[in-house]
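Asks:
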Amino acid sequence: LQQSQENIQSLTDHLFRHEASKMIAVLTRIFGFQNLEMAEDVMQDAFAQALNTWAYKMPVNPSAWLMQTAKNKAIDIIRRKRYQQKFSDEANILLQSEYTAVPTLNRLFLENEIQDSQLRMIFACCHPDLSAEDQIALTLQTCSGFGINEIAGAFFQNYESIKKRIQRAKQKIVENKIQFDIPSGRDLQKRLENVLKVIYLIFNEGYKSSDRENLIRRDICEEAIRLCTLLTEHKETQVAETDALLALMYLLASRFDARVDKNGEIILLEDQDRNIWNRKLIDLGLECLSKSAFGDKISEYHLQAAIVAEHSLAKDFASTDWNRIYGFYQFLVNINPSPAILLNKAIVQAKVESPQNAVNQILNIPHFEKLVETQYLFAAALGELYVQLNDFTSAKAYFVRAESLAPTEAERKLLRKKLSLLEVKKS
Amino acid sequence: MAEFLMIFRGGNHDVLTVPEEMQSHMQRWTAWMQGLSQKGIMMGAQPLANDGKVVKGKQKVVTDGPFMEGKEMVGGYLICKANTYEEAVAISKNCPILEFENGTVEVREIRSMDM
Chain R
1 LQQSQENIQS LTDHLFRHEA SKMIAVLTRI FGFQNLEMAE DVMQDAFAQA LNTWAYKMPV
61 NPSAWLMQTA KNKAIDIIRR KRYQQKFSDE ANILLQSEYT AVPTLNRLFL ENEIQDSQLR
121 MIFACCHPDL SAEDQIALTL QTCSGFGINE IAGAFFQNYE SIKKRIQRAK QKIVENKIQF
181 DIPSGRDLQK RLENVLKVIY LIFNEGYKSS DRENLIRRDI CEEAIRLCTL LTEHKETQVA
241 ETDALLALMY LLASRFDARV DKNGEIILLE DQDRNIWNRK LIDLGLECLS KSAFGDKISE
301 YHLQAAIVAE HSLAKDFAST DWNRIYGFYQ FLVNINPSPA ILLNKAIVQA KVESPQNAVN
361 QILNIPHFEK LVETQYLFAA ALGELYVQLN DFTSAKAYFV RAESLAPTEA ERKLLRKKLS
421 LLEVKKS
Chain S
428 MAEFLMIFRG GNHDVLTVPE EMQSHMQRWT AWMQGLSQKG IMMGAQPLAN DGKVVKGKQK
488 VVTDGPFMEG KEMVGGYLIC KANTYEEAVA ISKNCPILEF ENGTVEVREI RSMDM
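These protein sequence lines map, in sequence, to chains R and S.
Heads up: the first sequence is residues 1 to 427, going by our numbering.
Heads up: the second sequence is residues 428 to 542, going by our numbering.
1. Just how far apart, CA to CA, sit isoleucine 182(R) and leucine 231(R)?
2. Who are the near neighbours of alanine 74(R) in its chain, counting only those whose CB is closer than 7 Å to its CB and skipping five residues on each side?
3. Just to check my reading of the structure: glutamine 135(R) and cysteine 126(R) have Cβ atoms closer than 8 Å, yes? What is that Cβ distance to the nearest angstrom?
4. Against chain S, does serine 97(R) count as a neighbour if the rule is that its beta carbon must be under 8 Å from one of theirs?
5. Out of curiosity, what's the CA-to-CA distance linking glutamine 453(S) and glutamine 465(S)?
6. To be precise: take each residue of the stretch 463-486 of chain S, compare its Cβ to all Cβ atoms of chain R, and keep it if any distance is under 8 Å. Which residues remain?
7. Pull up the distance between the alpha-carbon of glutamate 373(R) and that of alanine 340(R), whole angstroms please.
8. If you reduce the DSSP assignment to three classes, tell me which class arginine 455(S) lands in.
9. For leucine 463(S), which residues of its own chain have a beta-carbon under 6 Å away from its beta-carbon, when the five flanking residues on both sides are left out?
10. Between the stretch 53-75 of chain R and chain S, which residues of the former have CB atoms less than 7 Å from a CB of the latter, in chain order?
11. In whole angstroms, what is the alpha-carbon distance linking glycine 503(S) and lysine 483(S)?
12. CB-CB under 7 Å to alanine 124(R), same chain, minus the five flanking residues each way: which ones, in chain order?
13. Are the CB atoms of alanine 381(R) and isoleucine 365(R) nearer to each other than 8 Å?
14. Taking the continuous beta strand (DSSP E) assigned at aspartate 491(S), which residues delimit it?
15. Beta-carbon within less than 8 Å of arginine 429(R)'s beta-carbon, same chain only, minus the 5 sequence neighbours each way: which residues are those?
16. Measuring only the C-alpha atoms, how far is phenylalanine 156(R) from leucine 245(R)?
17. Identify each residue in the stretch 84-115 of chain R for which the Cβ-Cβ distance to at least one residue of chain S is less than 7 Å, and report them in chain order.
18. Does the distance from the C-beta atom of tyrosine 301(R) to that of leucine 251(R) stay below 8 Å?
19. By the criterion of Cβ-Cβ separation under 8 Å, what are the contact partners of glutamine 450(S) in chain R?
20. Determine whether the beta carbon atoms of isoleucine 307(R) and phenylalanine 328(R) lie at a separation below 8 Å.
21. Quick one: grab the DSSP three-state call for isoleucine 325(R).
22. Bridge partners of cysteine 507(S), per DSSP?
23. Could you check whether the Cβ of methionine 433(S) sits closer than 8 Å to any Cβ belonging to chain R?
24. Go through its chain and collect everything with a Cβ distance to leucine 419(R)'s Cβ below 8 Å, but skip five positions before and after it.
25. So phenylalanine 392(R) and lysine 345(R) are in contact, right, with Cβ under 8 Å, and what is the actual spacing, rounded?
26. According to DSSP, is lysine 71(R) helix, strand or coil?
27. Could one say the Cβ of glycine 503(S) lies closer than 8 Å to chain A's Cβ atoms, at least one of them?
28. Among Ser88(R), Glu6(R), Ala253(R), Arg17(R), which residue has its Cα nearest to the Cα of methionine 58(R)?
29. Return the residue from the list Tyr376(R), Leu286(R), Glu98(R), Tyr159(R) that minimises the CA-CA distance to alanine 305(R).
30. To the nearest angstrom, how far is the alpha carbon of isoleucine 162(R) from that of isoleucine 122(R)?
31. Have a look at the DSSP bridge pairing and note the partners of proline 355(R).
32. Between Ile77(R), Ala101(R), Pro337(R), Ala224(R), which has its C-alpha nearest isoleucine 199(R)'s C-alpha?
33. Name the residue from Phe16(R), Lys22(R), Ala410(R), Arg412(R) whose alpha carbon lies nearest to the alpha carbon of alanine 48(R).
34. Less than 8 Å between the C-beta atoms of tyrosine 386(R) and leucine 405(R), yes or no?
35. Would you give the residue range spanned by the beta strand (DSSP E) that glutamate 533(S) belongs to?
36. By how many angstroms is the C-alpha of glycine 264(R) removed from the C-alpha of glutamate 233(R)?
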């Protein structure tokens, strides 16, 4: 029994995130967002029951077993509370009546309706009434089944503050009467843009640090890909921009194994072993990218993906087509002249024009003084460019500053390595 | 807009011996009520069990059901909104109880009680 209980524990852990988020979505659609806690209780009950009963008899299809259990628990609650509790706007009356309660539940538990509910949940959690940070934390918990401790760990924040953040966000959804639906018409485009933005932010949260210790970050990237894939499977949200974002994330994720060495040190694109880039993910990314070409709009994700694809297709760093990449960046800054994009454009400019031009560009980025004092990438990039210009004194000053700003040990290590190389060059 | 009670009587479900027939009959009930719910005029409905008790008069005499012939027995009810009796009757005409020869829908407006 001990052995089988351990097996079950690991099986439920594995199933948990995926199935939990599905259950929460369906149950929230049934009970209404104001009863989100009820949905969470039912989900946890179903898992607790699984742990208790699977030790004796393992179901043939654990996912189906969990869904059926959640459904049974839902009908119990509806029967117990139908005269004192208001459930979802969509189905309240139908759930109250014995004529229609079970058929209505059965319909909402159909596979395509589950998917529909998951999308509604994504749109609710990524609602612009909530702050970006709230949207990210809430989406990770409610749409992706991450625990609060996992989210806190991934974002280097404490448990209580993430918990409070999520509670506040849920409260706001109820207070602002945010609809649990997939927006339509004119609303859809704007809301979808925001959803894609949140998914990309989630991906970046997972991707930006290459800390090996922190395995959860890779899961976060995979989740962003899963959420985006859900959007590509629904006719309302399957637009070119969604395909482009998915392409971008696949292409970036393909480099996961090549980005860090055995000692947890960062390997820059230039030095990565391209043989260990994940071929399958690159192919998926390129496939999505070509699908995304059928839209009438070129989005930021199209251009970002096109840039990453250039690297994916180059057989080594030396054969990178920098002119093409620079062309994409020129397009990109027209769409989104954000400091990060301007910085990246300048770095490419150093390849196609000169390092001096690139430095001038960076110094002209709006609010440069503030950026270089708060974001290590600006200081690190300038350090790199001054090395190319043989101005080792300036390079050193910028690397030192970057080292003091870098958020993770891996990044600090890389910068210290650059500093020691500098000493060698100087002498 | 007024509210109307619809009382369903009769309907011999025993004639639906084939499971598929029974299922598709029940699906039509669901679909009918879904339609009313989508229009926002369905206020509630419940089916009733076949047995029951009757409590009668000052003596409060209790007898067991079923108490009458099948065709007179109330099988369920629904409350919906409608502007007029004509509208309510038109709604009731789509009730699946009328698929049975002896099925009836009694349509009654819910009265406002004056203070």
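Every residue gets a Cβ at the ideal spot worked out from N, C-alpha and C, and that includes glycine.
Replies: With the given structure in hand:
1. 11 Å
2. Leu27, Ile30, Val42, Leu105
3. 5 Å
4. yes
5. It should be noted that the sequence gives methionine, not glutamine, for residue 453(S). Their backbone Cα atoms lie some 18 Å apart in a straight line.
6. Ser464, Met469, Met470, Gly471, Ala472, Gln473, Pro474
7. 14 Å
8. helix
9. Met469, Cys507
10. none
11. 21 Å
12. Phe33, Ile173, Ile178, Phe180
13. no
14. 488-491
15. Given that chain R is displayed from residue 1 to residue 427, the structure contains no residue 429(R) and the question cannot be resolved.
16. 26 Å
17. Ile93, Leu94, Gln96, Ser97, Glu98, Tyr99, Thr100, Pro103
18. no
19. Chain R residues near glutamine 450(S): none, gap ~10 Å exceeds 8 Å.
20. yes
21. helix
22. Phe431(S), Met469(S)
23. no
24. Lys396, Phe399, Val400, Glu403
25. Their Cβ separation, rounded to whole angstroms, is 25 Å, which puts phenylalanine 392(R) and lysine 345(R) out of contact at 8 Å.
26. helix
27. Among the protein chains in the structure shown, which are R and S, there is no chain A.
28. Glu6(R)
29. Leu286(R)
30. 19 Å
31. None, per the DSSP bridge assignment.
32. Ala224(R)
33. Phe16(R)
34. no
35. 531-536
36. 37 Å
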